[in-house]
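6 is the number of the first residue of the sequence shown in the working numbering; add one for each residue after it. Cβ coordinates follow ideal geometry from the N, Cα and C atoms, glycine included. Take a look at the structure below.
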Amino acid sequence: TTALTTTELEDWLRRAAALLTDHAAELTELDAAIGDADHGSNMSRGFRAVVEALDAGDFADPAALLKKTGMTLVSTVGGASGPLYGTLFLRLAGATGGAASLDAAALGEALAAGVQGVADRGKAAPGEKTMLDAWTPALEAFRGAGDDLAAAVAAGAAAAAQGRDDTAPMTATKGRASYLGERSVGHVDPGAASTVLLWQALADAVSG
Ligand code: ADP
Ligand code: MG
Ligand code: MG
6 TTALTTTELE DWLRRAAALL TDHAAELTEL DAAIGDADHG SNMSRGFRAV
56 VEALDAGDFA DPAALLKKTG MTLVSTVGGA SGPLYGTLFL RLAGATGGAA
106 SLDAAALGEA LAAGVQGVAD RGKAAPGEKT MLDAWTPALE AFRGAGDDLA
156 AAVAAGAAAA AQGRDDTAPM TATKGRASYL GERSVGHVDP GAASTVLLWQ
206 ALADAVSG
C-alpha cells in the first residue's frame, strides 16, 4: 500500500474498534489509577458507534469518512477523550481536502493538523502526561521516516509506544490526573495507551 483510500481508512477504524474493545479493561485499569476508571468504556463505546456509522453509511472520500468518525466520537464519548479524539479526526478530515487517497506525505500533513487540534482543544503541550505524549513523538517519527507508508506507520507506532511508556515518570498537569499532582507519577497515561492502539491498528491496516 502506498496510499490509503477510503476503504483502507475504514479498515483502520474497524481494526481500532476491535483493539480498543480487546484492551478496554486495561485502559480502564490505567484510568482507575489516575482518573475515574472509564477510559476503556469511553473508547470502546465511541468506536463501537463509529463502526455502526461505517456499517450504515457510504462515504464519498476520506474526508467524509473521517468527519463522520470525529462527529460520532464527539457525540458518543463522554469525558475529555471524546472531544479530543473527535477534534483529531475532524482535523484529519479537514486536512485531506477532497483527495481520494492519502500517501505518506498527505497523511503526515493530516496527522500534523490532527495533533495540533488535540493540543489546541486540550490546551496542552507535550510533557503534561496526556495522549499528546504519544501523538507528538509518533507524528515526528512518521514524518521523519520518508515516503514508504508502511515503514512510516511502523516508525510512528513504535514511537507512540515509547511515548506512552515515557508518560509514567511524568507529573500530570492536564485532565483529571492533574488532581493527583505528584501522585500521578509512576502510572502510564490512559490516553497515551489508547493512542498506541490507534497506531497499531493503522500499522495492521497498512500491512493488510
Ligand atoms: P475523562 O478524564 O473525562 O474521564 P477519559 O478517561 O476518557 O476522560 O480520557 C482521559 C485521557 O484524556 C487522559 O488519559 C489524557 O490522555 C487525555 N486528556 C485529558 N485531558 C487532556 C487535555 N487537556 N489535553 C490532552 N489530553 C487530555
Ligand atoms: Mg476517565
Ligand atoms: Mg470520565
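I'd like to confirm something about residue i: is its beta-carbon nearer than 8 Å to some heavy atom of ligand 1, or not?
i, result
"residue 135", "yes"
"residue 2", "Since the first and last residues shown for the chain are 6 and 213, residue 2 lies out of range."
"residue 89", "yes"
"residue 108", "no"
Among the residues of its own chain, which have a CB less than 7 Å from the CB of residue i, if the five just before and after it don't count?
i, result
"residue 13", "6 and 210"
"residue 159", "208"
"residue 204", "143, 161, 162 and 165"
"residue 70", "11, 14, 15 and 64"
"residue 22", "52, 53, 55 and 56"
Consult DSSP for residue i and reduce its assignment to one of helix, strand or coil.
i, result
"residue 10", "strand"
"residue 212", "coil"
"residue 16", "helix"
"residue 63", "coil"
"residue 108", "strand"
"residue 48", "helix"
"residue 136", "coil"
"residue 176", "coil"
"residue 72", "helix"
"residue 152", "coil"
"residue 131", "coil"
"residue 84", "coil"
"residue 190", "coil"
"residue 91", "helix"
"residue 103", "coil"
Hey, residue i and residue j: beta-carbon distance below 9 Å or not?
i, j, result
"residue 140", "residue 93", "yes"
"residue 96", "residue 122", "yes"
"residue 208", "residue 153", "no"
"residue 82", "residue 48", "yes"
"residue 228", "residue 85", "Residue 228 is absent from the model: the chain starts at 6 and stops at 213."
"residue 166", "residue 20", "no"
"residue 61", "residue 74", "no"
"residue 51", "residue 78", "yes"
"residue 42", "residue 72", "no"
"residue 116", "residue 9", "no"
"residue 155", "residue 212", "yes"
With hydrogens ignored, establish whether the beta-carbon of residue i is closer than 8 Å to any heavy atom of ligand 3.
i, result
"residue 43", "yes"
"residue 50", "no"
"residue 5", "One cannot answer for residue 5 here, as it falls past the ends of the chain, which runs 6 to 213."
"residue 181", "yes"
"residue 40", "yes"
Could you pull out every residue in the same chain whose Cβ sits closer than 6 Å to the Cβ of residue i, ignoring the five residues on either side in sequence?
i, result
"residue 192", "38 and 39"
"residue 199", "32 and 48"
"residue 2", "Here the chain has residues from 6 to 213 only, and residue 2 is not among them."
"residue 148", "113"
"residue 80", "none"
So, at 8 Å on beta carbons, what are the nonlocal neighbours of residue i in its own chain, with the 5 sequence-adjacent residues on each side left out?
i, result
"residue 174", "190 and 191"
"residue 104", "66, 67, 68 and 111"
"residue 187", "176"
"residue 179", "127, 128, 129, 133, 134 and 135"
Given the structure, does residue i come close to ligand 2, in the sense that its CB is under 8 Å from one of the ligand's heavy atoms?
i, result
"residue 36", "yes"
"residue 127", "no"
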